[in-house]
Structure formats: C-alpha cells, structure tokens
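Step one of this worksheet: look at the structure below.
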Amino acid sequence: QNLYLEATEEVSLDSPERDPVLSPEPITAITPVTPTTLVAPRMESKSLTAPVIFDRSREEIEEEANGDLLDIEINVSDPEKVGDGMNAYMAYRVTTKTSLSMFHKNEFSVKRRFSDFLGLHSKLATKYMHIGYIVPPAPEKSIVGMTKVKVGKEDSSSAEFVEKRRAALERYLQRTVKHPTLLQDSYLRQFLESSELPRAVNTQALSGAGILRMVNKAADAVSKMTIKMNELDTWFEEKHQRFENLDQQLRKLHASVEALFCHRKELSANTAAFAKSAAMLGNSEDYTALSRALSQLAEVEEKMDQLHQEQAFADFYVFSELLGDYIRLIAALKGVFDHRMKCWQKWQDAQVTLQKKREAEAKLQLANRPDKLQQAKDDIKE
1 QNLYLEATEE VSLDSPERDP VLSPEPITAI TPVTPTTLVA PRMESKSLTA PVIFDRSREE
61 IEEEANGDLL DIEINVSDPE KVGDGMNAYM AYRVTTKTSL SMFHKNEFSV KRRFSDFLGL
121 HSKLATKYMH IGYIVPPAPE KSIVGMTKVK VGKEDSSSAE FVEKRRAALE RYLQRTVKHP
181 TLLQDSYLRQ FLESSELPRA VNTQALSGAG ILRMVNKAAD AVSKMTIKMN ELDTWFEEKH
241 QRFENLDQQL RKLHASVEAL FCHRKELSAN TAAFAKSAAM LGNSEDYTAL SRALSQLAEV
301 EEKMDQLHQE QAFADFYVFS ELLGDYIRLI AALKGVFDHR MKCWQKWQDA QVTLQKKREA
361 EAKLQLANRP DKLQQAKDDI KE
C-alpha cells in the first residue's frame, strides 16, 4: 500500500507565517564566536605584527558619541638597531597625527629609544602620582631579552622580543595621551615633538640611580609592613581590598594564559614536524595511493600548524598582553594608594611633633622663661 498516494496538497517550504513554538524551558542565548582569521602571522615571518581583532572598544564608541574623543593618534613602528655589541640599542619611530592646537604640526615623527620611554614615565610619575593621578605604567625592562638582541644574530626569538616591546610601547603611549591632564604636560609634548632628548641615564638598571631606586623600593616595602593606617574612609578601604583581590586573580589568570600560549607554540612546532615527516614519507613511498594519502595528510597537518600558530598569537596579543597591562595598571593604582598612606604617615608625625612643641611651650610658661617662649611659639606656627 502506497502511504503517499493521497497526499495531493503541496506544502510551501518558504511560508512567511508560522506559529511560534513555545518551550517551557528558557532558551540560552548563544554568544557569537569571534573569527580567528585576523590574527598574527607565522613565527618564521620576518615582521611580526600584533593582530587587530577589536578595532574600537566600547569606551571609545561611547566617547565618540559624547563628542569627548581626543583627536590624537600615536603609532610606534620601524624598530632599528643602532650600534654594535653591548653598546647597541633599539630605536623606534614614534608617529603622531593630531588636530589639537597645542601641537605645532598635524603630523610629525621622532626617533626614541627604550630609555626615553622610561624617562618619560619617571617624570610623569614623579609629578602626578603624589597628587592622586594614575600614571599608565611603562613596559618593564628585560635584561635577558635585550642582551640577546644586542649580541645575538637576527633570529625568530629576537624578532619576536622586539615586536612584543614595540607593541607594548605603543599601548603605553596610547594610554598616556588618553589622559587629558597628561596630554597637556610639557614633558609629553617634548617627548612627541622634540627631535633630540637628553639621555635618561637614571633609568639604567646598573647605574647609581638604578641601585638607589632598588634601595628605595626595599625601604618602601619595609615601611608598608610597619605602618598600620587606621583607615577611617570605608570607600578607600573597600577599593583597596577590591584591587588587592583583583590583582591576585589576574596574576593567576595571566600565568595560566602564558602556559597556554607556550603549550600552543609547542603544539604548533610538533604539528609542523609531523607534517614535514609525513610529506617526506609520501615522497619516498612507491605505492601511488598511499603516497597520495600521505601527501594529503601532510597538507592537513600544515593547515593545522597554521591554525595553532594563529591561535597562539591571538592568545598572546589579545589576551595575555591585555592581562599584563591590567596587572601593571593595578600596580600603578596601588602606588597611588601607597602615596596616600605616606601622606597620612607624615600627617601623623606632624601631629606628634606639634603636640610635643605645645607641651614644651606649656612647660616654658610654667617655668616663666620668656626668653625661650617666643621661639617656642614660632616653632608651633611653622
């Protein structure tokens, strides 16, 4: 018996109206997956560039909608090795495009070395951190990485280190110019416009100033352990505890992402080695069908190697570097809290000194010593 014999009505497949199907359980929203096509190039590429996956952040779109977007664009490019041996250094081209009237030109570029960036951050931090401004941190020094660049040959690891530093310096300047007060500072304008800058020798790790800076950091760490501040403002206490917890969580996450990045790089290298071995085995195979199958397997493994490398670079530039920047920003924020604690300690010391001077004045009044009483009153006024 033909079950479809009486089915004479034709059903349209593109009916515009359809009864909704209601489910008693809630439907989970599906988050779209970001495509992995826009990622960094392969490791063996001579020029490594950070992936541009997110063109504009939500904050930038909101600022543009409100008309508060600062019209300035800064790029760091063209890393160039200057000199030979241990005296060599990397110079970067800093290009600025802006329509702000505080600058003399709309577009200009200068050459800067890494110590110039550190010198700029040191000046801005000294000038603004003690009054509560959060100065974006500069990239950290890497003696091992820079030594490899100075004395080593042009290899993939050196090129990767230089590209990481270039991208970090660019992000540092972009964060700095987004601060309206720092943008108007004379130090920053001099850094962006002046063709020549005095060498920032105080930023060297092995210089006298560098050793003194290490001693001061150790002294500050000891003082933070000894000073017990009775926080009366619950807002500051809550924020301080919040950022302490966030710092610990981000550091753990950053370590995990770094391990993931290294794992993906190792997986990519092993996949590339397997693809090469499969290709060589296919070329040496006499049986045509097996040779073709091995060649196709090698092609698939090469594509997998490319995907692993792209994913590894996306994990690093989009995730790991962003976490590292946030960790350094929290460190800068904690530095502002430390300055506030130092001011509180100075205030407490001044209160104790004032109380002692008032007690000394009272003793002089009781002892009827008018010759020293006026000096005590002057000390209290000071």
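Take UniProt numbering: the final residue in the sequence shown is number 382, and no numbers are missing along the way.
Using N, Cα and C, we set each Cβ at its ideal position, and we do this for glycine too.
Predicted, not measured: the structure shown is a model, and the values here were computed from it.
Output yes or no for whether 8 Å exceeds the beta carbon distance between residue i and residue j.
i    : j    : result
A91  : E80  : yes
L173 : V76  : yes
A272 : G282 : no
R189 : D325 : no
G83  : V336 : no
L329 : P136 : yes
D247 : I134 : no
A360 : A376 : yes
F261 : A312 : yes
P139 : R165 : yes
L120 : Y187 : yes
K357 : I380 : yes
L124 : D78  : no
L253 : L323 : yes
V257 : S320 : yes
V162 : M86  : no
Considering just the uninterrupted stretch of the beta strand (DSSP E) at residue i, what are its terminal residues?
i    : result
M280 : Here M280 belongs to no beta strand (DSSP E); instead the alpha helix (DSSP H) covers 234-284.
R113 : 107-113
Compare the Cα-Cα distances from residue i to each of the options and report the closest residue.
i           : options                : result
E73         : T95, Q351, S186, Y187  : T95
V177        : K252, N87, F103, F161  : F103
K97         : D247, K356, L70        : L70
I143        : S115, Y133, P137, I131 : S115
L307        : S284, S268, A332       : S268
residue 384 : A259, L197, H121       : Because residue 384 is not part of the residues shown, which for the chain are 1 to 382, the question remains open.
F117        : A168, H130, I134, E160 : A168
Y89         : Q375, T147, D349, L100 : T147
M280        : L294, Q309, T288, C343 : L294
M129        : Q296, T181, K164       : T181
K265        : Y287, K239, R251, Q309 : Q309
E301        : Q348, N270, S194       : N270
M341        : H240, K141, E193, L192 : H240
Y317        : R369, E160, K141, F236 : E160
K127        : K363, A367, V352, H339 : H339
F191        : K363, S122, N368       : S122
L232        : R93, V352, W344        : W344
Taking the continuous alpha helix (DSSP H) assigned at residue i, which residues delimit it?
i    : result
A138 : Premise fails: A138 is in no alpha helix (DSSP H) and is neither H nor E.
P370 : 370-381
Y326 : 321-367
P180 : 180-183
Y187 : 186-193
E310 : 288-314
F161 : 156-177
Using the DSSP secondary-structure output, state which residues sit across from residue i in a beta bridge.
i   : result
A91 : E80, R113
E73 : K97
Would you mind giving the Cβ-Cβ distance between residue i and residue j, rounded to the nearest angstrom? I have them listed as a contact below 8 Å.
i           : j    : result
residue 411 : V149 : The question about residue 411 has no answer here: the residues shown for the chain are numbered 1 through 382.
A275        : D305 : 6 Å
L354        : Q365 : At roughly 17 Å, the Cβ-Cβ gap does not stay under 8 Å, so L354 and Q365 are not in contact.
S291        : E285 : 4 Å
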